[in-house]
Amino acid sequence: MHKIQVYLLLLLLSFLTSSPVLAYSSWKIVKENASIQLLVHPVPDSKVREYMAVAVFDSTLSAPVALLEDTPVYTQWNYKCIEAKLLFKKNDYERITYMATESPWPVENRDIAVKSLLVQDKSTGTITIKLTGIPEYIPAKEGRVRMASLHGYWIFEPLGCGKIRATYRLHNEPGGSVPDSLVNGTVKDIVYNTVLKMRSMVQKKCYKNAKLSYIKERP
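Here the sequence shown is numbered in this note's numbering, starting from 238 and rising by one per residue.
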């Protein structure tokens, strides 16, 4: 009997630690309206916070993935992005992209190479794209400061009836000497405005009608 009670307790603890509510319990809502929610939470051993924006789109799963694959148009919707180019593509799931972002004067602009890895859950259809900065991947560029690190995620969840939930999480260490308040304010604006712009971009025909063989749509 005692063994059964211990087993049930362990099972309950396992469920709780995997619960999305518990996972986001440390997040604080800093901005919210009818279309998008912006949250923040502290990152251990960092003065820069991690920000997360969540919004619901009228979209297929393929549309935002097709947009993310279209590197040359990043400057049109990825907030503060002033240059983007594909450096390496291993396959449909893994690639490395160079990105440069504008910084407010007098701070120098930042750049970094970012590795993205796409995985789709076969049972739920949810797509997760993990973003990892690779500062040493290319030589430093004159007039730009290399970010020390970058970590983030894009998550696209099918909701049915032609809708998806898009989540964008981002944390970076900007490198160089920049006031913490400026960094946090910039990252907050990037996350919020990038998701906001993505929502409108996926309505363009080239993305809205995209059919990607490696993405399984949900009814």
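Backbone N, C-alpha and C fix where the C-beta goes; we use that ideal spot for every residue, glycine too.
The model shown is predicted, which means the values in this text are computed figures rather than measured ones.
Separation of residue j from residue i, as counted between CA atoms
i      : j      : result
Arg381 : Ser353 : 22 Å
Asp329 : Cys318 : 23 Å
Asp282 : Asn409 : 12 Å
Ile273 : Thr431 : 11 Å
Glu345 : Ile266 : 30 Å
Asn494 : Ala321 : What the structure shows of the chain is the stretch from 238 to 456, and residue 494 is not part of that stretch, so it cannot be assessed.
Gly399 : Lys453 : 14 Å
Phe325 : Ile371 : 12 Å
Leu259 : Asp417 : Low per-residue confidence applies at Leu259: pLDDT is 36, beneath 50, and the placement is therefore not dependable, though the value from the model is reported in the following sentence. Approximately 28 Å, taken between the alpha carbons.
Leu323 : Val420 : 26 Å
Leu396 : Ser360 : 13 Å
Arg383 : Pro376 : 9 Å
Leu407 : Asp358 : 21 Å
Glu373 : Pro456 : 42 Å
Val415 : Met336 : 19 Å
Thr297 : Trp342 : 39 Å
Val285 : Val351 : 19 Å
Asn270 : Lys367 : 26 Å
Thr423 : Ser340 : 8 Å
Presumed contact (8 Å Cβ cut-off) between residue i and residue j, rounded CB distance
i      : j      : result
Ile427 : Leu387 : Not quite, the Cβ-Cβ distance comes to about 11 Å (not below 8 Å), so this is no contact.
Lys268 : Tyr429 : 7 Å
Thr369 : Thr334 : Not quite, the Cβ-Cβ distance comes to about 11 Å (not below 8 Å), so this is no contact.
Arg347 : Thr338 : 5 Å
Val280 : Glu287 : 5 Å
Sequence-distant residues of the same chain with beta carbon closer than 7 Å to residue i, five excluded per side
i      : result
Glu394 : Thr363, Ile401, Arg402
Val310 : none
Ser299 : Ala447, Lys448, Leu449, Ile452, Glu454
Lys378 : Asp348
Asp191 : Look at the range of the chain in this structure, 238 to 456, and you will see that residue 191 is not part of it.
Beta-ladder partner(s) of residue i, from DSSP
i      : result
Leu368 : Ser353, Gly389
Glu269 : Gln274
Met289 : Leu276, Arg406
Gly397 : Lys400
Glu320 : Ala337
Asn346 : Arg381
Lys326 : Arg332
Asp307 : None; Asp307 has no bridge partner.
Asp426 : BP columns for Asp426 are empty, so no partner.
Asp295 : Lys400
8 Å CB neighbourhood of residue i in its chain, flanking five on each side removed
i      : result
Trp264 : Leu276, Val277, His278, Met289
Close Cβ partners of residue i (< 6 Å) along its chain, the five nearest in sequence each way excluded
i      : result
Val356 : Thr365
Val291 : Gln274, Thr404
Ala385 : Glu410, Gly412
Lys425 : Tyr288
Ile392 : Thr365, Thr404
Lys327 : none
Legend entry - Contact between the region 433 to 453 and the region 309 to 329 (3+ Cβ pairs under 8 Å): Touching, per the Cβ criterion.
Inset, instruction - Tell me, please, whether the region 300 to 312 touches the region 441 to 453 by the rule of three or more beta-carbon pairs shorter than 8 Å. - result: Yes, since at least three Cβ pairs between the region 300 to 312 and the region 441 to 453 fall closer than 8 Å, the two stretches touch.
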